[in-house]
Every structure is written in structure tokens, then in C-alpha cells.
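Heads up: the structure comes next, in C-alpha cells.
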Amino acid sequence: MKPDKHRPTVGIFKFASCDGCQLTLLDCEDDLLAVAGAVDIRYFPEASRNIGKGPFDIAFVEGSITTHHDADRIQQIRRQARILIALGACATAGGIQALRNWHDSGEYVRQVYAKPDYISTLKTSTPVAEHVPIDYELRGCPVQKTHFLEIVCALLTGRRPQLPSASLCIECKRKGNTCLLVASSEPCLGPATQAGCGAICPAMGRACYGCFGPHENANAPALAKRFREDGMSEPDLQRAFRTYNAWAWQFRKASEEVET
Amino acid sequence: MAQNIIIPHVSRIEGHAKIAIHLNDAGEVDSAQLHVTQVRGFEKFTEGRPYYEMPSITARICGICPVSHLLASSKACDAIMAVRIPPAAKLLRELLHCAQFVQSHALSFFHLSAPDLLLGMDSDPAERNILGVLEQHPELARDGIALRKFGQLAIERLAGERVHPAWVVPGGVHAPLRSDLRDAILGELPIARSIVRRTLQMFKGVLDGFKAEIDSFDNEPTAYAGLVTRENSMHWYDGAVAFIDENGAPLARFEDPGEYSNYIGEAAVPFSYLKAPYFIPRGYPAGIYRVGPLARLNVAETCGTPLADAELAEYRQRAGHPAQSAFYFHYARLIEALRGVERMEMLLQHPDILSTHIRARAQVNCLEGTGIIEAPRGLLIHHYQVNEAGAIVKANLIVATGHNNLAMNHAVEQVAKRFVKGAKIEEGMLNRVSAVVRAFDPCLSCSTHALGQPALQIDLLSPQGELLDRVAN
């Protein structure tokens, strides 16, 4: 695509992640053509060798910050971006790799590498917002393509994006799913998890495991209390909150309150 | 003056990589290496987690082929539970896997490699992407988008979502297939089949224009490894692991996945944290072997589906047997996409596919389990040890990009020696080095599962071992 001063410039940047969120953008298929026509994609290493220069009207950032180099790079991106959007659980909550935040990272390095002096890793895997201010976040592991299209359309037309903010329970009620927590005492994270996925797992009879992270008013410790009453052991309780959004503060608080 | 050329981001591969090319005093390429710059720590942080969480956790290693990790992990968990999963569950898992092959191969061919193949290796990098293909070859780009969509939509219909679905579980799958969804996939199948067939025709037409690449892409003969059935036909979900030598003669074969460590050793290489697996009987580094589409078509006698087998016969006439040039990865990938579509049709028409017996339930019955499947990029091994309570004591993962590690470094060096001459960097040279890496379709998200991100440092040494230059990120 040739540069066009009337189209907003977009950059898509990657840190520590699985690339699933970026590929969800490619999953827009038919819509990809329309989106690609409406914006000027300047930086998207997954899809193109073209490494354009900023500034960017919109920067999408996938992945968590895990190295000193990452920590510098996110500052540079913030300086070049008018709107910065964190994309997916790694960027919004540190991702599954944040599980290492409760371990001694030096021990990891010594165990895996023959020459640990080559490793320059931070002790923690942290979300983008711990390093720079962000404008929006798209939740999920991975993000939903409908949310991505919504935020792009909203920004293009200058309106506020309409993204889910309630708990997953709302989506279960809409779908008419039987409540797994109430009816069968399954350890479902739905009450503390942000809606957005469409309640895929509960619809299949599988308890929610929190891909979208805690919603704004989540009371994770209260949910932990309920799990405990249903007979969940303390280590299991801790693990329930420590998955893809383990470092999100509500889940972190609930898991750290557990006595193991 | 000796110097290094560094290509900081090999774009259009999934994940991050850097290539360092070392020049000698005469300005010739001395050596070249591929560095993978990021790792994430899965083997370590899964310690202590219950085995049944492993499929969902390890799926997060990779957003491109999460289904591969889901399946290999679930097979390892089946082994820990010591269950034989119901026949319908096996059919459904394989169906999901075939859909993933179709979408993943479509992504690799159309979105990531077609820009080089169709627009030319030396074309303007600003245009050399899927959008550039869309402008110049709109039908082909639309075909690519449609084929990937067919695979992704089938995954969504089967498993509820496209990336990281929660449907595959230890013992089987979570929900049976609905007949209306089966019919929907069957209804879309003829279009997908005709897309792959016409793309194959197109590709065979342009193949002769890439003689230089075929000759200079990694064509050093190596051993190959892949999964095969008892009849030596290709299989992606189940089967024996077979090794053949560079002439196509059998080297080894094992049925029990747990035996892998008798054949596959993992060497730690000094210049990269990514371990280099090798075939133990030949030792390191002589035990170099390749996996993936090229290897699978070399190892198996047939694809097991009629149209793909007809293409395979023609492929062998063009590429020889065993095919050696890494350039043929692209051709092999298209034939496999055809097999994937055909195999999906066979599975969807199987009388047991709608059965509601889809899951075996059991506790821990073995303290060790290994699952091996063919991921789109090649053999994938998940090996777990658990305690009596089912908590992971040790996890070892060997991914396709790992198996190919030795071969990829060979390949980068071979291409660099041919296309990089003198200190002047021309776009075409650099892109060919990157393109050879893309031919392997390395999934660097997968191979970075280990931990953190090592600082990349490239040292340039004179023939006397004196440090001439150092570049670090």
C-alpha cells in the first residue's frame, strides 16, 4: 500500500507472546481488505518486510515486557504513537510467562542455558501499562477479532469503542447456559472474568478459566472463598488464579492471599 | 576489512529471529548463523501444575498452530491416564488437526511466502507483502485468504474458537460434532479443494523460474524424520516415527512414542540457546535431520488420498526422491494442503464422526507419558513426568523448528555464500537469506518456549582469534 496522508498510520508491534493475537488480525479475512484500505499499515513484521517509520496514529502492541531491550523499545513506541492499544493477555496482564514472576529467574536461566552470561532477562514479565500509559486494551487469550474491528472502526469514525466490561456471567445468561458454579460446583472463574469471548467454555460444559482476565469490579477473593467452601485445596485455588492473566492485580491478590 | 551483516528482523516468519553473517578478510562469507532472540519458560513454570491443565497451557506457546500443542499434549496426558480414547474422539481430533494443516499451510504459502515467489525476490520491499500480492495477483490473494478462512472456520465450528480452543481434553474431546456443522464444513470443502488444485497448477508453472533458488536453497542431503502408518503412508495424528537416510533408505523406526529419547538427542549449541536435536545413532553433528512437509513427503510412500497421491507422483518426477532442496518445502506444503482437504472429507463422511462417545475418563495410571504428532512444521514431541497426585515433575518439549535447527543454520550459510558477495548489501541478497529461512516456515514462538530473551551479541573474530568487532542489542 502506498502512503496516504489522509489514512491513519498503524504500527503493530510484538514483545513476548505466541503471535496468536496478531494472527487474529489476519483472521479478519474479508474484512482485512476493507481495513487495509482504510489505514496505512507502516509496521507489521509478521506480514511484511517493510519497516516503516513513525509517528503512528495507532500502535497495537502484542506481548509482555521481559527484557531490558523490551523496556526501552516500549518507551520508543509510546513516544511515536498517538494512540497505544495493548493487544491480548500478554500485553494487558503479562501473559502466561508472568508465572515466572513468583520464581527466582536466575534459577531458570542457570537450569536452561549453558552460558547464562548471555542472558539479559528481567525478573518479571509485565504488562505494557506498567511501563507506559496506554489508551485502550483489548482483552483475551487471544483477542476477539470483532473487538479489533470495533476499535478500528470507532477510531476511524472518531467515536468511543464499545467493548464489553461486565462479567462473563452476563454472556452465559444471554446464551441460556446452566451455571456451572451454582448447579455443579465447578470452579468457574466466570464471575470474576471479563466478558468478551462469548462464553465458549461454559457452553461446552467446561468451567471458565479466565482467558479475558478480571473485569473492572471483579471480587476475586470472594470467588476464592466460594471455591474453598466447595472443597478446593489451597494449592489448587492458587493455580486457578495463576494462568494467562496471573499478574492482573485482582487475580494476583486472590492467589497471594492463599496459604500454601 | 572483515565485517558482519546483520538482518535484525526476519519478517514474515512467526516470531523473532536474527541472522548474523560473518565475512572474512577477503570480504567473503565465512559463516552465517540464525539466532532466535526470545524464549518464554514453559518447561519450568509448568512444574507442579496438574497434568490435565497442560493442553490449555501449552497451546499458548504458539498462536499459529495451537492445535498441534493441544493434540501432542493431550496424547501425552492420554498416556499418563493409560487410556485408549474413543474412536470418534480420535477422528474428531484428526479432523481438527487437518483443518489446522490447511489454514497453517495457507498462511505460510499465500501470506508469508507468495510475496517472494510472485512479486520477485528483488521487488520493492514496501510492496512485497500480502497486500502487494493482492494488488498484482488479486485472484490468488483472495484464494489464499479464502483457503485459510476455510481451515480456521472449520476449527471454529469444531472447537468453538480459532486460536487456543478449549475443546481438546485428556481422554478425548469435550463435545461431539453436530450434524449441521458437519454438513456446513462438507459444503465448503469443494471450493477449498479447487483453490488448492489451481494453486498447485500455478506453482508448477512458475517453478522453472526458480532454478537458482532450487539449487542454492539448502540442498545438502540430510536424513529425514516423519510419522507413518503401518503401510508406510503419511499420517499427521498417529503412527510410527520413521527415519530415512539421505538416499531414502530406512534408518530407524519406533512405534512407542516413549522411545524417542533412544533416537533423538538434544545438543546445546554455543551460539544459540535453541537446542539442536540430532539422530543419536549417527552422533552430533552428523545426526542432522530435517522434519516438516519436505521430510514427510520423503519419508512416506503415499499421502493416503487420491488427488494428493497423483500430485506426489509428479512431485517426485520433478524434485527427485528424496527431494533435497529446501525450496521444495513450498511445493510439498501445497500437496499437503490438498491431502488435508481430502482427508477432512474422508473423516467427515466416516460413520462414527457424529458419535457421542467422545471422552475416556481416568486418574493418573502412569507416571510418565509422551505424545508425538506431526505439526504443520514437523514432528512435535511432548514428554511429561508426573507424581502420584498428577502434578508435573518434568516437562520436555521438542518442537519442529528445534528439529530443523541444525539444517536451518546450514541453509543460511549456504545461501549467504552464494548470494552475499563483498561488503555491499543489496536488497535481493538479504531477502534471499531471509527467504530460505521462511522456506522452513520456522515457528519461533514455539522454539522460544524456554525462557526470557537472551541479549544477542555478535562477535567478529579474525582468523587468529582476535576480536575485531562486537555488535550487541
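Chains as they are written, first to last, in this note's numbering: chain A, 174 to 433; chain B, 11 to 483.
Backbone N, C-alpha and C fix where the C-beta goes; we use that ideal spot for every residue, glycine too.
These numbers come from a predicted model, not from an experiment.
In the DSSP assignment, Pro316 of chain B falls outside any beta strand (DSSP E) and lies within the alpha helix (DSSP H) extending over Pro316 to Ala329. Around the beta-carbon of Val206 of chain B, 16 or more other beta-carbon atoms lie within 10 Å, marking it buried. Neighbours of Thr197 of chain A in chain B, taken as residues whose beta carbon is under 7 Å from its own, are Val173 in chain order.
Note on Gln211 of chain B: under 16 other CB atoms within 10 angstroms of its CB, so exposed under the neighbour-count rule.
In the DSSP assignment, Arg425 of chain A falls within the alpha helix (DSSP H) that extends over Trp422 to Glu429. Residue state for Lys296 of chain A is assigned as strand, using DSSP reduced to three classes.
By the CB criterion at 8 Å, Leu357 of chain B and Leu80 of chain B fall outside the cutoff. The continuous alpha helix (DSSP H) containing Asp193 of chain B extends over residues Ser189 to Val216.
In the DSSP assignment, Asn308 of chain B falls within the alpha helix (DSSP H) that extends over Pro303 to Val309.
Cys87 of chain B is outside the set of residues whose beta carbon lies under 8 Å from a beta carbon in chain A. Contact annotation: Thr232 of chain B and Glu256 of chain B have beta-carbon atoms nearer than 8 Å. Under a 10 Å Cβ-count criterion, Val173 of chain B is classified as buried, with 16 or more other Cβ atoms of the shown protein chains found around its own Cβ. The C-beta of Trp246 of chain B comes no closer than 8 Å to any C-beta of chain A. Close partners of Ser114 of chain B in chain A (Cβ separation under 8 Å) are lacking, with about 10 Å as the shortest Cβ gap. Taking 8 Å as the threshold, the shortest C-beta distance from Met377 of chain A to chain B falls below it.
With respect to the 8 Å criterion, Asp192 of chain A and Ile90 of chain B are not classified as neighbours on the basis of their beta carbons.
Secondary structure note for Pro260 of chain B: its beta strand (DSSP E) is the uninterrupted segment Pro260 to Phe264. Of the candidates A:Ala189, A:Glu429 and A:Cys194, the residue whose Cα lies closest to the Cα of Thr299 of chain A is A:Ala189. Taking Gly268 of chain A as the centre and dropping the five residues before and after it, the same chain places the C-beta of Ser237 and Ala262 closer than 6 Å to its C-beta, in chain order. Contact between the region 56 to 64 of chain B and the region 159 to 172 of chain B is not established, with fewer than three Cβ pairs separated by less than 8 Å.
Of B:Ala176, B:Asn415 and B:Val39, the smallest CA-CA separation from Ala278 of chain B is found for B:Asn415. Taking C-beta atoms under 8 Å as the contact rule, Met244 of chain B and Gly314 of chain B qualify, at a distance of about 6 Å. Considered as a whole, the region 361 to 414 of chain A harbours 373 to 376, 393 to 402 and 407 to 414 as its complete alpha helix (DSSP H) runs of no fewer than 4 residues, in chain order. Collapsing the DSSP output to three states places Asp308 of chain A in coil.
By the rule that beta-carbons nearer than 8 Å mark a contact, Cys313 of chain B does not touch chain A.
Taking 8 Å as the CB threshold, Asp192 of chain A lines the interface with chain B. DSSP places Leu377 of chain B in the coil class of the three-state scheme, outside both helix and strand.
Rounded to whole angstroms, Ala342 of chain B and His179 of chain A show a C-alpha spacing of 43 Å. Straight-line measurement puts the Cα of Ser78 of chain B at about 11 Å from the Cα of Ser114 of chain B. Pro60 of chain B sits in a strand when the DSSP states are folded into three classes. Taking 8 Å as the CB threshold, Asp200 of chain A lines the interface with chain B. Contiguous beta strand (DSSP E) elements confined to the region 342 to 408 of chain B occur at 378 to 385, 388 to 396 and 402 to 408, taking only those with 3 or more residues. Listed in chain order, the positions of the region 49 to 72 of chain B with a beta carbon within less than 9 Å of a beta carbon of chain A are Val49, Arg50, Gly51, Phe52, Glu53, Lys54, Phe55, Thr56, Gly58, Arg59, Pro60, Glu63, Ser66, Ile67, Ala69, Arg70, Ile71 and Cys72. In the three-state DSSP reduction, Asp255 of chain B falls in the coil class, being neither helix nor strand. Considering only A:Val305, A:Arg252 and A:Cys314, the residue with the shortest C-alpha distance to Gln270 of chain A is A:Cys314.
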